[in-house]
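Working notes, structure below.
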Amino acid sequence: MLSMLLLQLSIDHTIIPAAPANEDAVAAYAAFTAGSRADRLLSASCTCAERIELHRVVRKDGQVDMIDDFPLALPKRTRVEVKPGSDLHFMLIGTRRAFVSGERVTMTLTFARAGRRDISFRVVPTSASGWTEWRAEP
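Residue numbers for the sequence shown follow our numbering, beginning at 13 and rising by one.
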């Protein structure tokens with residue numbers, strides 16, 4: 013499997029579901045695998061949104077809340093998935109444009125060890141199908 017390798021940190025399944033221009037918030041997803049050293053994802057940003065939060069869905073007493081959960085721990089030799097249907101997703105808030113299936117969107121991810129990295133996210137028709145059908149491109 014091809015992935016982006018950054019100082020013993022691989023990143024794959026980088027997807028954003030398609031959305032019209034009038035959406036205020038759009039989700040994004042990715043999977044991370046740290047190598048022999050743990051890391052932490054400290055933040056994410058892009059020119060396409062005012063800010064990006066890492067939302068963790070918390071369910072308690074019949075209530076559902078979302079909390080901003082940066083930093084994201086990336087333990088060594090462990091895969092961490094921020095994927096559709098899980099309790100984690102990136103939320104692009106205050107989006108500034110439409111997200112069209114097939115295009116690429118660059119997000120800057122900042123890690124404690126790996127530093128700032130510009131990562132290409134693929135816009136897919138739906139998050140569920142984009143995740144299950146994901147394949148790396150050269």
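All C-beta atoms in this analysis are idealised placements derived from N, C-alpha and C, irrespective of residue type, glycine included. None of these values were measured; they are calculated from a predicted model.
A residue is called buried once 16 or more other Cβ atoms fall within 10 Å of its Cβ, and Ile27 is buried on that count.
Arg109 places its beta carbon 7 Å or farther from that of Ala37. In this structure, the CA atom of Ser48 is about 29 Å from the CA atom of Val117. Taking C-alpha positions only, Asp77 is separated from Phe102 by approximately 15 Å. If you compare the alpha carbons of Thr122, Arg147 and Glu115 with that of Pro83, the shortest gap goes to Thr122. Residue pairing of Glu65 in beta bridges, as defined by DSSP: Met103.
For Ala56, there is no enclosing alpha helix (DSSP H); the residue is found in the beta strand (DSSP E) stretching over Asp51 to Ser57. The DSSP assignment places no complete run of the alpha helix (DSSP H) inside the segment 20-49 (cut-off: 4 residues).
Contact check for Pro96 against Ser139 passes: the beta carbons are separated by less than 7 Å. The C-alpha of Leu53 is placed about 12 Å away from the C-alpha of Val94.
When secondary structure is reduced to three states using DSSP, Ala85 falls in the strand class. For the options Ala30, His25, Phe133 and Glu35, the alpha carbon positioned closest to that of Thr107 is the one of Glu35.
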